[in-house]
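Chemist: After the structure tokens below, expect a handful of questions from me.
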Amino acid sequence: MNNHRLLAGLLLAILPGAGVCPAADNARVFSLDEIFASAEAASAQLKPLFTAESEAREALAEARTGRLPDISASLSASYIGDGFITKRNFTGYEKAPIPHLGNGVSVQVSQPVYTGGAITAAIDMAELKSTAARFATDFRRDNLRFELTGYYLDIYKYTNMLAVVEANTAQARRVLEEMHARFEQGVSLNNDITRYELLVSDLELRELRLRNTLDILNRNLVVTAGLPEDTRVIPDTTILARALPVDGEAAWQAEAADNAPALKLARSGVDISRKAESLVRAERLPKIGLQAGWNLDGPILVEVPPLNRNLSYWFVGVGISYNISSLYKSNKSLSRSQAATRRSVEELEATRENVELAVRADYIRYLEAFEELRTRTKGVELADRNYNITATRYSADMALLTDMLDAANSKLDAEQQLVNARINIIYYYYKLLFTSGTI
0 MNNHRLLAGL LLAILPGAGV CPAADNARVF SLDEIFASAE AASAQLKPLF
50 TAESEAREAL AEARTGRLPD ISASLSASYI GDGFITKRNF TGYEKAPIPH
100 LGNGVSVQVS QPVYTGGAIT AAIDMAELKS TAARFATDFR RDNLRFELTG
150 YYLDIYKYTN MLAVVEANTA QARRVLEEMH ARFEQGVSLN NDITRYELLV
200 SDLELRELRL RNTLDILNRN LVVTAGLPED TRVIPDTTIL ARALPVDGEA
250 AWQAEAADNA PALKLARSGV DISRKAESLV RAERLPKIGL QAGWNLDGPI
300 LVEVPPLNRN LSYWFVGVGI SYNISSLYKS NKSLSRSQAA TRRSVEELEA
350 TRENVELAVR ADYIRYLEAF EELRTRTKGV ELADRNYNIT ATRYSADMAL
400 LTDMLDAANS KLDAEQQLVN ARINIIYYYY KLLFTSGTI
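As structure tokens, then:
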């Protein structure tokens, strides 16, 4: 890791400033943490997930009410018409006057005592779904953060590339001015000037494309992060100091095993499937509950003649119910739930394998980025040396224009590759954070 610290010091020393963005009152430096905080507070992509979490919490509160007693009450008033009495062969008709005002009051209370674990399983299921909703939010939040990181680092990269192209454009214009002076002295060809003017035009076109790319990236970042539309984001150049390796692959693998949202979601899927099995099994068990009630009805119609009085009575007892058909109907449901559990376990294993492979690949690419930076830094040194030597030789009429053009293009290409190498270190560091669930 000592080499990495040396490289980090080198990077901080040679990293170009980010001040080439167009000047504007609404332009300021944002850290990635500020971008993340803004996205969590205002991003339209996260709001539905926060609402889903709230919905899951309400569902949990609803499931917990299953332990409370059921209480029902009824009040009725009716008009009762007169009746009649006949013999069994419908002869001997007699009118039977009945009190016309009917009334009824009833209160019933039922407290579940034993439901075969159905209520507890339903509460546990609601808790698991609430947890899964939170994991889904974490998963989407991490994806959104990595997406924002991509925009942010692209702005950083293209800002630095713009600085490189602007510097090369300025240098090319100075060479072009020198060519005009040499042409007036009769030691340079007009064709050489034309070819170098083409190089300057090409560099100016690159500048335009880079500025347009920066506008697009800034717009994507601002909208996705929920920032004001006229905001101009300037990346924080100190981000590189935090993109350094501190542990080996084993530590990253351990972080991923504990924190990767994809694994958390897969584990919650297994738990939900197993709880669904418990709910199916609960259907095969009897239900026991305490019951109590009070009724007041009038008139009393079971007497002949009817009594124009109220009859009040109350009761307490134990109720037992058993769904016999569940013995043969729930078999298929249980088999389906068991199959769903097996699938969830298999999906968990597949997800764990994918996360492990992704962490390993990202870690290797991360270390590779440091080696690439070392190579690109050396390449810039060689390209600068070659350009300076070629420019000196051209000024002394010891080199051709084609040599000058090749040297200028090689210098520009080497400097752009160095910019990409710097950004790759930061990118793969945040890719590791994303894969391990610690972004």
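Position 168 of the sequence shown, counting from 1, maps to 167 under numbering that gives the first Met the number 0, and the rest follow consecutively.
Positions of the beta carbon are idealized from the N, C-alpha and C atoms, including for glycine.
Please read these numbers as outputs of a predicted model, since none were measured by experiment.
(1) Less than 9 Å between the C-beta atoms of Y157 and L216, yes or no?
(2) Let me know if A180 comes out buried or exposed under the rule of 16 or more other beta-carbons within 10 Å of its beta-carbon.
(3) Taking all protein chains shown into account, decide if S73 is buried (16 or more other Cβ within 10 angstroms of its Cβ) or exposed.
(4) Counting pairs of Cβ atoms below 8 Å between the stretch 133-147 and the stretch 43-51, do you hit three or more?
(5) I'd like the list of long-range same chain contacts for N1, defined as Cβ closer than 6 Å, with 5 residues on each side in sequence excluded.
(6) I think L202 touches T237, with their Cβ atoms under 8 Å apart; what is that distance to the nearest whole Å?
(7) Counting Cβ pairs closer than 8 Å, one from the stretch 256-263 and one from the stretch 325-343, do we hit at least three?
(8) Identify whether C20 lies in helix, strand or coil by the three-state DSSP scheme.
(9) Compute the beta-carbon to beta-carbon distance between S37 and L220, rounded to the nearest angstrom, for a pair I have assumed lies under 8 Å.
(10) Would A95 pass as a contact of G82 if the rule is Cβ separation under 9 Å?
(11) Using 8 Å for Cβ pairs, my map puts N385 next to S409. What's the rounded Cβ distance?
(12) Could you tell me the alpha carbon to alpha carbon distance between A413 and Q170, rounded to whole angstroms?
(13) Between S129 and the rest of its own chain, which residues show a CB-CB distance below 6 Å, the 5 nearest in sequence each way excluded?
(14) Are the CB atoms of S71 and Q107 within a distance shorter than 9 Å?
(15) Let me know the secondary structure DSSP gives I13 once reduced to three states.
(16) If you draw a straight line from the C-alpha of R173 to the C-alpha of R375, how long is it?
(17) For the beta strand (DSSP E) that P260 lies in, which residues bound it at each end?
(18) Cutting at 8 Å between CB atoms, please list the residues of its own chain near R308, excluding the five before and the five after it.
(19) With a threshold of 16 other CB atoms inside 10 Å of the CB of W313, please say whether the residue is buried or exposed.
(20) Can you find the residues in the same chain that come closer than 6 Å, C-beta to C-beta, to S77, ignoring five residues on each side of it along the sequence?
(21) If we call anything under 9 Å between Cβ atoms a contact, is I271 one with A131?
(22) Between A224, A390, E165 and Y113, which lies nearest to A406 when the distance is taken from Cα to Cα?
(23) Please classify P96: does DSSP put it in a helix, a strand, or coil?
(24) Mind checking who Q290 pairs with in its DSSP beta bridge?
(25) With 16 other CB atoms within 10 Å as the buried threshold, where does V232 fall?
(26) For the putative contact between E146 and T230, defined by C-beta atoms under 8 Å, what is the C-beta separation to the nearest angstrom?
(27) What distance in whole Å lies between the Cβ atoms of A357 and T434, which are believed to be in contact at a cut-off of 8 Å?
(28) Under three-state DSSP, which class holds F145?
(29) Excluding sequence positions up to five away, which residues of its chain have a Cβ less than 6 Å from the Cβ of V303?
(30) Looking at G115 and R266, is the spacing between their C-beta atoms short of 9 Å?
(31) By DSSP, does A357 sit in helix, in strand, or in coil?
(32) With distances taken Cα to Cα, identify the nearest neighbour of G378 among L213, A420 and D402.
(33) For G247 and E345, I'd like the C-alpha separation in whole angstroms.
(34) Please tell me whether R373 and Y427 are closer than 9 Å, where the distance is taken between their beta carbons.
(35) For the putative contact between R144 and F35, defined by C-beta atoms under 8 Å, what is the C-beta separation to the nearest angstrom?
Modeler: Result, derived from the coordinates:
(1) yes
(2) exposed
(3) exposed
(4) yes
(5) Unreliable positioning characterises N1 in this predicted model, as indicated by a pLDDT of 41, which lies under 50. The coordinate reading is nonetheless provided below. Nothing meets the Cβ criterion.
(6) Going by Cβ atoms, the distance from L202 to T237 rounds to 30 Å, so no, they are not a contact pair.
(7) no
(8) Residue placement at C20 cannot be trusted, given a pLDDT of 44 that sits under 50; what the coordinates show is reported in the next sentence. In the structure shown, C20 sits in coil (DSSP, three-state: anything other than H, G, I, E or B).
(9) Not confirmed; about 10 Å, so no contact.
(10) yes
(11) 6 Å
(12) 16 Å
(13) A55, R56 and L59
(14) yes
(15) For I13, the predicted model reports a pLDDT of 41, less than 50, meaning its position is unreliable; a value from the coordinates is still stated below. Reduced to three states, the DSSP call for I13 is helix.
(16) 26 Å
(17) Not the beta strand (DSSP E): P260 falls in the alpha helix (DSSP H), residues P260 to A281.
(18) G297, P298 and I299
(19) exposed
(20) G101
(21) yes
(22) A390
(23) coil
(24) S109 and G316
(25) buried
(26) Their Cβ separation, rounded to whole angstroms, is 17 Å, which puts E146 and T230 out of contact at 8 Å.
(27) 5 Å
(28) helix
(29) none
(30) no
(31) helix
(32) A420
(33) 29 Å
(34) no
(35) 5 Å
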